[in-house]
Amino acid sequence: MALGVCRPLLDPDSIPLPAPKLSFKRGRNFLLYNPKAFQTSGFGPPPTPPTGKHPMKSYYEVLTTPTADTPGTTVLLHFPDKRYFFGQLSEGTQRACTERGIRITYLTDIFLTGRIDWSNTGGLIGVILTLADGIASSNSALEIAAREKEERFKDSESNANGKKKHGMSYAVHDGQLIPQRGTLTIHGGRNLTHSLATARRFVFRKGTPVFTREYDSEGMAKTGGTETEDPCEQPTWSDSNIKVWAMPIKPSPGLQPPVSSQVRSMSPRKRSLDEFEENNSALDSIDARTRDQVIRQSVITDMFNSTWRLDALHETKLADVKMPAVMFVRNPVTKDLEQYKGPAPGSNEPLPDINVLVRQPWPGAAVEKIPHTTWCQESVSYIVRSHDIRGKFDPKKAQELNVRKGPDYAKLTRGESVESLDGKTVTPDMVLAPTRLGKGMAIIDLPTPAHVDDLVNRPEWNSAAATTSLEAFLWILGPGVGDHPRLHEFVARMSHCKHTVSSQDYCPNYLAMKSIATSTTRMGLLRPESYPTLVHDNVTLPQPGTTTSESARDTAKPIPLQPVAPGVIVDMEPQFALNYSAVEPHFDTGKVDQQMPRAIEQRMSTIRKRVKKPEFTQKLENFRKDLPGSDVEIITLGTGSSAPSKYRNVSATLLNVPGYGYYLLDCGENTLGQLKRVFEPEKLCEVLQNLRMIWISHLHADHHLGTASVIRAWFQENYPDGIPPTNDVEMDMSKILQEKRLFVVSEQMMTGWLEEYAAVENYGFGRVIPLSATPYLYQGNIRTQFTYRHCSADGSYPNHQLDNTKPSTTSLSFNDNSSPLSALLREATGLSDLLTTRVSHCRGAMAVSLVFPNGFKVSFSGDCRPSSGFATIGRGSTVLIHEATFQDDMAVSAIAKKHSTLSEALEVGRLMNARAILLTHFSQRYQKLARIEEGPNTSTSTRGESNPHVGQVGLDVPDVPDDEPEPTPSTNNGNRRNPFGDIKVTRRPRLSVPIVAAFDYMRLRVGDMPIAQAHAPAVEKLFDLLERAGAEEANERREAAKQIVENRQKAKKAKQAKHKQVSTNAAEMEIDRPVSAAAKTKSIWSASESESGWSTSGSDSEGERVKLRRKRRGSSRHGDN
């Protein structure tokens, strides 16, 4: 907004700060910052009450320890009205919650430990999205409940800032007491706010305010420094339940990794003298870091609590429109809006000098860049204490002191003094039992031995306020840290506390996701070559593949640390205790019941006979004849959609192309963990050494949140000693292409995120070649231009701190014979061509075809509607990998959510003339199986579609608004007028090529796809039974939890009636404890069901089945007539 326009509305204390440049807005923009009311970190520190209100039950629950499935350590602190995460929200945290049935509805604060890097925060975005979607879906119910509570408790206690609602947690923000349910505060180290703001291009939610609080040595030194005897007397943060002391721990000088000196803050930049006029002196009083933080927090606010609307249009010059976009013009006669269909930016036609109306992009996507930051090696730890619990009120003592009954009794109970009937002052301590001190726990994250010295020297350990009633430590230790002698000394000094540990050196690499481990193990009994045993080790310590596993641990002085595991409960109130009763034994693949249900045995018996018949042998031989890439292996690491579930992780597919290397198609959250389950440590090193490219189809979170971790693993494997820091930006593209680098190819917003995130940590960006792909039409053909932005290892470039600067770029093409770079590009990637096309799904979504010199061609759809452009670039593909999110009877849902049905995916394969088709990306809520065997004549009519669907919250909510133009349907023979249009499909096509449905961890050689197709009926039936059995067990758990709720309500009523006394707080918490499944009466898995059509007599043959199908089709048509 213009400064002159807003000046009359300015608060006298407000200061206009330069706002980030917006892509759709010209001129200057400003943010209003009030230092007196707005804390840069989000919530200001609330007043700390001297005592708690009521004795209540609280406990910590261990959710994850380091494994391939869950790389970090996470604990959940439970109070009756609120939840807190402590630890590392690494990739896999969201899935671990699903696996263990942990609900995060009451989550209001996340306390991140350790450094701010992707290994600790990779699961943060997924957790936020799940929480935001859960809040949005239950908003109306919560509002009704809140109104009812307000009526019931309208006379509840209040304070100076206003009334509190019963059962609600509060904190202070902008000087006002506000309820914290429905908001989320994330606490952590330096660069937390920057890290979250980099996700603005692919995350957008409304109605869930998110705030950040950063703790680092520099910032806390400015706010600290009291003259009291105990400098740590006041906690860093507190609310109505807990007090928290944050401790940023610095690595010892000389032991920390080198940090490039070239990174700089964006804020100190030259501006004209009259730019801010009267506010110059005020602006200068704000330090550069505060200004940068205000900008970043404003971006986060727009990401999660914006008032933006999709239908809002703004006027701009046609030449300034960023394509693709829907443009409108106003009819000069009728004044109605009409879609503009003239020459568009990027076309070869001259553009008219006119204004058009376009949809304003969501705020985050419009921010071109945010202030730069620097790498930080500090690691944050916390001491957490419950409030002291006020003693019980003694009415006899009050009577003896002549205290007036009623309100004065209540005041004394609240800790207020009153005047007695005889005029004497009565203080609370005169009528209350002794205060019970709140218990504490320290959660310490030491990623390297270099952090130990600063930790043991912290002043908090000499503070009575922080350490009184400190009961336990949870040590989150990096490799080798547990052997540090000073850590041993510290643990001995604090021997009165219980010391627990979570670390790769102390906790084995067990299978944390038991549901998928069970299903994969059982499917391996049917097809061991496609579903080998998942890599794990329930015993060996340190974990194989870690740095400490290569050298013997120092066991001469054992340290008394007790390893934790998922399910461990640390009871804090009312009685401290360590409880391991809910810890389940590690999953043992060798103990999986090898007996198969009768339905599976029937199918397998029939399949074994079929594959031995001459007809099948001939069919297999014909398929393999002249098949390029028959030895290519496809490994489907993640095959689900939207959000991880128990049985399917999010999207990732690995190609092993012998002679060329490994290629990763999409890289959803915890793809690296999936790789670690597929490959032994030695083999994984080989895979990473030969990984040449990662392709990201679009920016939905389920397709790319694992990219940073895979890049880091690749970088550590190929550059174990790192690369020398430099202030220079390499401009020689030929030199870059000849170095060993990893290609990451995607749309510009993805490569921009990689570049911007590089300022947070050194994850290997300096050896990545991010290529932005731009498909375009040239003489009726779809071609692709690739753009490389020349940046340093931290994502910076010359003058990056200025608004209008951009890095130098180089354009590349696979087929530009006039450029020597084309040959270098083909050699560096191992590809002869890489073809892309825009598809209908979300902004920037693309499909791709990878063409290899040996003739092998694989086409990957990503997420999309059936695309004419994709069918064009993929023509002659050896393998088509296509999403099949929905079954055919949900065609309307597929159109609405811009996905494909099974028949639509098969039609694309038919138009491509693909030799084989692999289906993936199945809906976690609706479509669990491909059900290819149901027959080729299934209509895509939507008459049978069921509505509405109820399932896991948030699975179908897009990460960003869908503001893409609607494509024009294309005819199935390829419409040259609109090569990017959708394909209209009315019936399932008849195909004679192998069609295989993917499952997580499936390994499949291209030449064996007919064999996999033949076994699909048994594998899919088995998967179906496993999911049904899992649902049955989950239902039993829900019934047990429901029974606990009913018992709790009965206990409350009984107490109110004074028939008996029951501790309601203890009962209230039991619902959230792990509930053991009730004894089953009859299991789906053990049922002896059999099926018609799967005879084991041997009379069933391919020919007979074809005849039977034709006979059924004929009778069906006769009936229709």
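When you line the sequence shown up against full-length UniProt numbering, it's residues 1 to 1121, in that order. By construction, the Cβ of each residue, glycine as well, lies at the ideal position given by its N, Cα and C atoms. In this text the structure is predicted, and so the values were computed from the model without any measurement.
Terminal residues of the beta strand (DSSP E) in which arginine 826 lies:
Run containing arginine 826: none in the beta strand (DSSP E); it sits in the alpha helix (DSSP H), 820-829.
Please look up how many angstroms separate the CB atoms of proline 775 and histidine 790, rounded, as I've assumed it's under 8 Å.
About 23 Å separates the Cβ atoms of proline 775 and histidine 790, ruling out a contact at the 8 Å cut-off.
Does DSSP put glycine 162 in a helix, in a strand, or in coil?
With a pLDDT of 44 at glycine 162, under the threshold of 50, the predicted position of this residue should be treated as unreliable, though the coordinate-derived value follows. Strand, per DSSP.
Since phenylalanine 623 is in the alpha helix (DSSP H), which residue starts that stretch and which ends it?
Run containing phenylalanine 623: 614-624, per the alpha helix (DSSP H) assignment.
I'd like to check one pair, valine 535 with glutamate 717: are the Cβ atoms closer than 7 Å?
No, the pair does not count as a contact, with Cβ atoms beyond the cut-off.
Does the beta-carbon distance from methionine 693 to threonine 810 come in below 7 Å?
Their beta carbons are not under 7 Å apart, which means methionine 693 does not touch threonine 810 by this criterion.
Taking the alpha-carbon positions, what's the methionine 572 to histidine 704 distance?
The straight-line gap from Cα to Cα measures roughly 39 Å.
Since tyrosine 59 sits in a beta bridge, which residues does DSSP pair it with?
Tyrosine 59 pairs with His78, Asp571.
Taking a contact to mean a Cβ-Cβ separation below 7 Å, would you say threonine 74 touches threonine 93 in this structure?
Note that the C-beta distance between threonine 74 and threonine 93 is below 7 Å.
Using the three-state DSSP reduction, which class does phenylalanine 111 fall into: helix, strand or coil?
Secondary structure of phenylalanine 111 (DSSP, three-state): strand.
In whole angstroms, what is the alpha-carbon distance linking aspartate 454 and alanine 288?
Each residue's alpha carbon lies about 27 Å from the other.
What are the complete beta strand (DSSP E) segments, minimum 3 residues, inside the stretch 858-896?
For secondary structure counted as the beta strand (DSSP E) over 3 or more consecutive residues, the stretch 858-896 holds these complete runs in sequence order: 879-883.
For serine 859, which residues from the same chain have a beta carbon less than 6 Å from its beta carbon, with the 5 sequence-adjacent residues on both sides left out?
Same-chain partners within the cutoff: Ser849, Gly874, Ser877, Leu880.
C-alpha gap between aspartate 445 and asparagine 1047, whole angstroms
Between aspartate 445 and asparagine 1047, the C-alpha separation is close to 40 Å.
Assuming phenylalanine 743 contacts threonine 829 under a Cβ cut-off of 8 Å, what Cβ separation, rounded to an integer in Å, is found between them?
That belief holds up - the Cβ atoms of phenylalanine 743 and threonine 829 are roughly 6 Å apart, short of 8 Å.
Cβ-based neighbour list, valine 367, same chain, cut-off 7 Å, excluding 5 preceding and 5 following:
Cβ neighbours of valine 367 beyond the five flanking positions: Pro20, Leu22, Arg200, Val299.
List the endpoints of the continuous alpha helix (DSSP H) containing tryptophan 375.
No alpha helix (DSSP H) holds tryptophan 375; DSSP gives it neither H nor E.
Using 10 angstroms around the beta-carbon of leucine 421, count the other beta-carbons present and answer buried if the total reaches 16, otherwise exposed.
When all chains shown are included, leucine 421 counts as exposed.
Can you give me the C-alpha to C-alpha distance between isoleucine 634 and serine 641, rounded to a whole angstrom?
Straight-line Cα distance between these residues: approximately 19 Å.
Using CA coordinates, which residue listed in Tyr409, Arg436, Asn656 is at the minimum distance from glycine 391?
From the listed residues Tyr409, Arg436, Asn656, the smallest Cα separation to glycine 391 is found for Arg436.
Give every residue of the same chain whose Cβ lies closer than 8 Å to the Cβ of glycine 1007, excluding the five residues on either side of it in the sequence, and list them in chain order.
Leaving aside the five residues that flank glycine 1007 on each side, the residues in its chain whose CB is nearer than 8 Å to its CB run, in chain order, Phe623, Arg624, Leu627, Ser630, Asp631.
In terms of alpha-carbon separation, which member of Leu318, Pro371, Asn656 lies closest to proline 345?
Taking proline 345 as reference, the option from Leu318, Pro371, Asn656 with the minimal CA-CA separation is Leu318.
Span separating the alpha-carbon of valine 326 from that of threonine 751
The alpha-carbon of valine 326 is positioned some 24 Å away from that of threonine 751.
Histidine 187: buried (16+ other C-beta within 10 angstroms of its C-beta) or exposed?
Flag for histidine 187 reads buried.
Do the CB positions of serine 697 and glycine 862 come within less than 7 Å of each other?
Result yes, Cβ atoms of serine 697 and glycine 862 sit closer than 7 Å.
How far does the alpha helix (DSSP H) with threonine 98 in it reach, from first residue to last?
From DSSP, the alpha helix (DSSP H) with threonine 98 extends over 93-100.
May I have the straight-line CA-CA distance separating glutamate 529 from histidine 78, to the nearest angstrom?
So the alpha carbons of these two residues sit roughly 44 Å apart.
Tell me, please, whether the CB atom of asparagine 817 is closer than 7 Å to any CB atom in chain C?
Absence of chain C from the displayed structure is noted, only one protein chain being present.
Just the C-alpha distance for glycine 673 and alanine 68, rounded to the nearest angstrom, thanks.
Approximately 5 Å between the Cα atoms of the pair.
Does the Cβ-Cβ distance between threonine 707 and cysteine 667 come in under 7 Å?
Result yes, Cβ atoms of threonine 707 and cysteine 667 sit closer than 7 Å.
Would DSSP call lysine 341 helix, strand or coil?
Correct three-state label for lysine 341: coil.
Which of helix, strand or coil DSSP assigns to proline 647:
Checking the sequence shown, residue 647 turns out to be tyrosine, not proline. Coil, per DSSP.
Have a look at Asn854, His882, Thr872, Lys857 and flag the residue whose alpha-carbon is nearest the alpha-carbon of arginine 865.
For arginine 865, the nearest C-alpha among the options comes from His882.
Is the beta carbon of isoleucine 476 sitting closer than 7 Å to the one on serine 379?
By the CB criterion at 7 Å, isoleucine 476 and serine 379 fall outside the cutoff.
Rounding to the nearest angstrom, what Cα-Cα distance links serine 272 and lysine 369 in this structure?
Reliability fails at serine 272, whose pLDDT of 39 lies under 50, so the model's placement of it is uncertain and the value that follows must be treated cautiously. Using only the alpha carbons, I get a separation of about 21 Å.
Buried or exposed, going by whether 16 or more other CB atoms sit within 10 Å of the CB of methionine 890?
For methionine 890, the number of other beta carbons within 10 angstroms of its own is at least 16, and it is reported as buried.
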